[in-house]
Structure formats: C-alpha cells, structure tokens
Amino acid sequence: MSMSTRTLILGTAKKDITPDSSLPLSGFASRHGQRFEHIDNRIHARFFYFRQADDGRSPSAQSLLVAADLLNWSNRLVGELSASIEARLGIPRECVVLHATHSHSGPASKFGVRLGDPDQAYLALLREAILAGAEEAMKNAESVTLESGSGECDLGWNRRMIVDGSATHSQNKTGPKDHELQVLRFRTEDGCPKALLLHYTCHPVLSSENALTSEYCGYAVDSLESRLGGGTVVGFLQGTCGDINPYMNGDWHGLAAVREAGRRVAEEAERTLALRMKPIETATLRARRYSAELPYEYVPSQEQLMTLRLEGGPLEREWAEFLLNHPERIRSSATFEATRLDIGEGRSLLFMNGEMSVDFGLFVKSESNGSVIPVAYSNGMIGYVTTALQLQEGGYEPRESVLYFGLPASYDDQAETTVLQVLKKAIDARREADI
Numbered sequence: 148m149s150m151s152t153r154t155l156i157l158g159t160a161k162k163d164i165t166p167d168s169s170l171p172l173s174g175f176a177s178r179h180g181q182r183f184e185h186i187d188n189r190i191h192a193r194f195f196y197f198r199q200a201d202d203g204r205s206p207s208a209q210s211l212l213v214a215a216d217l218l219n220w221s222n223r224l225v226g227e228l229s230a231s232i233e234a235r236l237g238i239p240r241e242c243v244v245l246h247a248t249h250s251h252s253g254p255a256s257k258f259g260v261r262l263g264d265p266d267q268a269y270l271a272l273l274r275e276a277i278l279a280g281a282e283e284a285m286k287n288a289e290s291v292t293l294e295s296g297s298g299e300c301d302l303g304w305n306r307r308m309i310v311d312g313s314a315t316h317s318q319n320k321t322g323p324k325d326h327e328l329q330v331l332r333f334r335t336e337d338g339c340p341k342a343l344l345l346h347y348t349c350h351p352v353l354s355s356e357n358a359l360t361s362e363y364c365g366y367a368v369d370s371l372e373s374r375l376g377g378g379t380v381v382g383f384l385q386g387t388c389g390d391i392n393p394y395m396n397g398d399w400h401g402l403a404a405v406r407e408a409g410r411r412v413a414e415e416a417e418r419t420l421a422l423r424m425k426p427i428e429t430a431t432l433r434a435r436r437y438s439a440e441l442p443y444e445y446v447p448s449q450e451q452l453m454t455l456r457l458e459g460g461p462l463e464r465e466w467a468e469f470l471l472n473h474p475e476r477i478r479s480s481a482t483f484e485a486t487r488l489d490i491g492e493g494r495s496l497l498f499m500n501g502e503m504s505v506d507f508g509l510f511v512k513s514e515s516n517g518s519v520i521p522v523a524y525s526n527g528m529i530g531y532v533t534t535a536l537q538l539q540e541g542g543y544e545p546r547e548s549v550l551y552f553g554l555p556a557s558y559d560d561q562a563e564t565t566v567l568q569v570l571k572k573a574i575d576a577r578r579e580a581d582i
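Quick note: the sequence shown, position 284, residue 431 per the working numbering, numbers continuous.
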C-alpha cells in the first residue's frame, strides 16, 4: 500500500455557459428544427484543478476536470480544448477530462441526426469559458483534505423491458440499476468545504420541453452550492446511465419533475454529508489513459448509402445523407478510452468516452471493491456501448441509436469483452501502483 503523505492541492471555478441567444437544444428528436423557447435555469461548467507539489522524490502532477451541463462533448472539441489547455496552461492533454452531465436540454457540441446541430457562435463562447475557467481554477489552488461517503437514491431504474421478444423503453424494476449516490468532499485547511463531487447514475431526461435547463443534475448542485455558501463549487458526475431512466410516481416528467428530482438528490447528498463521510488519506495524484478499438459489425458501402438515401425511411435517408456528407465517419472501428484519475488512497475516478450501459459501471465498482467510481460521457462520445446480450436483444441503445449518432453501424458482439478488458486493466494498474 502507498504510504505517500504528499499534499493534495485543489483549485475550483464556475463559469456560466448559457447561450447569448436562442439555439437548438440537443437530446430529443422531437425538438428537431426548433430553437429553445425560454430559459428555465442557466447552465454552467465547473472546474476542478488538482495538483501535487514536487516533494523531491517524485515529479509534480496535475490534472483538470471540467463538468458541464451538456449532453456530451464532441471528439473534435475535446481534442481542440485539450491541446489549448496544454499549450496555454501546461496541463498535459492526457490529464484533462471534459465531462458532460448528459443533460438533454442543453446546446449541442457535436453533429448527429435530428438531435440539434452545434451553433458555431456558441462553441466559440464555450471554448472561451473553458479556457478562462481552467486558468481561474489554477490561480486559487490551495491545500485540501478529502472525505468520501455514499447514500442511496431510487430515482434511476433500468429502462429496457423485453416485451414479446422486442426491447422497449419502460420501467424494469428487476433489471440492473445503480442507486448509490457518492459524495466526495474537499476541505481547506480551516475546515471549510472548497468543493464537492456528486456521482449518480440516471439519465437527465425528465423534461423534453423546448426550454434550456441544467436538468435534475444542475438543480441538485445549484441547491447544494446555495446551502453551503462560501464559494463552494459542486460538480455532478454522471455514471454509466445508458440504460437507466428516472421513474417515480408513474408518468413523472416536465420542468416541475426536474426540480423535484434535483431536490431529492440534493437532500440525499446532504444526509450523506451529515452522517456518512469518512476521511481518505492522500496518495499520489495520477492520471492514466487506456484504450482499445471497438470494431463495427460492418462498414456500409457508398452504394448502400446512396440507395438508402433514395429508398430508405425518413430517418434512414437522413442518416445516409449525413454519412455521405461526412465520409470521415465511415470507419471500421471507434476508439474506446478510459481515463483513470487517482485522487486519494483507494479512491479513483474512471472516465469513459461512451454512453455506457449500467452493467459496465457495476463491473467497475465490483472489480475495484468500490474504490473506483465509474463516470461516462467524458472526453468525447462514441455512442452507446452495450452488452452482448443487449446487442442480441436489439432495441434503441444497441441498434436504433446508431442512426441518431451518425455511426456507420452497431458495435460487434466482442465489444463488451474488449471494454471489460480495458476497464480491468485500468483497475489492476491502480492496485499495482498502490503496492
């Protein structure tokens, strides 16, 4: 076990990333072609800059985590911002994590089909805010201690139900789920909370209204920041919620439900803060990235796409047109990435660049004995990553979503095995580093 006594240093910032004008929202095809009608609440990016000073034995380490009220980050934008942060601030790009809470009521950052196109003026605003927030967080960095605790919230349930041999979306109380709400608290030397990180696993899809909102995730952290005061920055980290939706009291949706769900998450976080927090010893700060290629089942030919563009259904025609206009997306595989960030003794965050089924998060927790927290929607988006069984069952996540994401095909039946190997490698490497 590591016996490091190196001090953890943390800087924080919060930047408003609300659009200056109305634009299309990303997340629901029902809003296709529309701009949002009003702002329910403003959206933000929150910054957490980690550093350990050189102790004379090991080189200094630093990492930046950004949590934003967005559906996801495009691979291109991640590459641009990571390179800019490295060039301007000296944080290695492999140590930068751009995370999205997966709100389905925010601006788009990546191109897809019927899910809202990126607004270039907004992307310029977003880039400026991210660079400014990162710099601000570096400037107020100070020594902190870390505490960890967990509670339980029954908001999220499995959404895949097999009915008459077909996969549909409805509450499945017997399906895999993850009700754990994890809280990380960082205190300054005078005992004041400088930052919190909340981790929970549930799709932010309570409102399909054409209104800009940070969804339940944003309401929860806004509430905690208000109650804690003192400039505490609270970030929400979304788990592997690819097949997990919010269900409570039957037909429960809309902006009122967003606020109620946020309140419930915040209240459980407060109970955890009051009753269940335990100190975590400082350990060596590390960021490590692991990757593997996930092959698609097949690669559509130009001829097939041209035929579908003329003869397919409405969505198929748009998908074929999209791929023909973006031939760089017609590839044989996509790169799955997992970035492990070690922030304390036996406490790590594992970030994944896909829309992951909950089984993968449960695997990470089980394989690591709860020491590694699984976080999806980070450093890009390669679409839904499902289990082999889900691929066989079909349905939205492994099959139908391909058209909306603008992918050439579903991943093949070996994707689950490959992903589990990458995740296990990341977990095992953490164990070896602690010996």
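A virtual CB, placed ideally from N, CA and C, is assigned to each residue, including glycine.
The beta-bridge partner set that DSSP reports for GLU327 consists of GLU299. Cβ atoms of LEU328 and SER373 stay farther apart than 8 Å, at about 19 Å.
In the three-state DSSP reduction, ILE529 falls in the coil class, being neither helix nor strand. Counting C-beta pairs with one atom in each stretch, the stretch 193 to 202 and the stretch 169 to 179 have fewer than three that are closer than 8 Å, which means they do not touch. The beta-bridge partner set that DSSP reports for HIS249 is empty. Closest by C-alpha distance to GLY312, out of LEU536, LEU554 and LYS571, is LEU536. Per DSSP, VAL412 is not a residue of any beta strand (DSSP E); the alpha helix (DSSP H) it occupies stretches across 402 to 422. At least 8 Å separates the beta-carbon of ALA255 from that of LEU228.
Collapsing the DSSP output to three states places PRO521 in a strand. When C-beta atoms of the stretch 239 to 253 are compared with those of the stretch 154 to 162, fewer than three pairs fall below 8 Å, so the two segments do not count as touching. Taking 8 Å as the cut-off, the beta carbon of ALA573 is found no closer than this to the beta carbon of ASP489.
Rounded to the nearest whole angstrom, the CA to CA distance from VAL213 to TYR524 is 12 Å.
The three-state secondary structure of PRO393, taken from DSSP, is strand. In this structure, SER370 lies away from ILE190, with their beta-carbon atoms at least 8 Å apart.
Under the 10 Å beta carbon count, ASN472 is surrounded by fewer than 16 other beta carbons and is classified as exposed. The beta-carbon separation of SER221 and GLY527, rounded to 7 Å, stays under the 8 Å limit for a contact. Between TYR196 and ALA342, the CB-CB gap reaches or exceeds 8 Å.
Distance from the CA of VAL519 to the CA of PRO442, rounded to the nearest whole angstrom, comes to 27 Å. The beta carbon of LEU496 is closer than 6 Å to those of LEU488, ILE520 and VAL522 in its chain, skipping five residues each way along the sequence. Per DSSP, reduced to three states, the secondary structure at LYS341 is strand. Secondary structure note for ASP264: it is in no beta strand (DSSP E), with a DSSP letter that is neither H nor E.
Around the CB of ARG332, 16 or more other CB atoms lie within 10 Å, so the residue is classed as buried.
One thing to note: GLY377 has its Cβ within 8 Å of the Cβ of CYS339. In the three-state scheme derived from DSSP, where H, G and I count as helix and E and B as strand, THR482 is classed as strand. With distances taken between CA atoms, LEU353 lies nearest to GLY365 out of GLY365, LEU345 and LEU344. For SER513, the enclosing alpha helix (DSSP H) covers residues 505 to 514.
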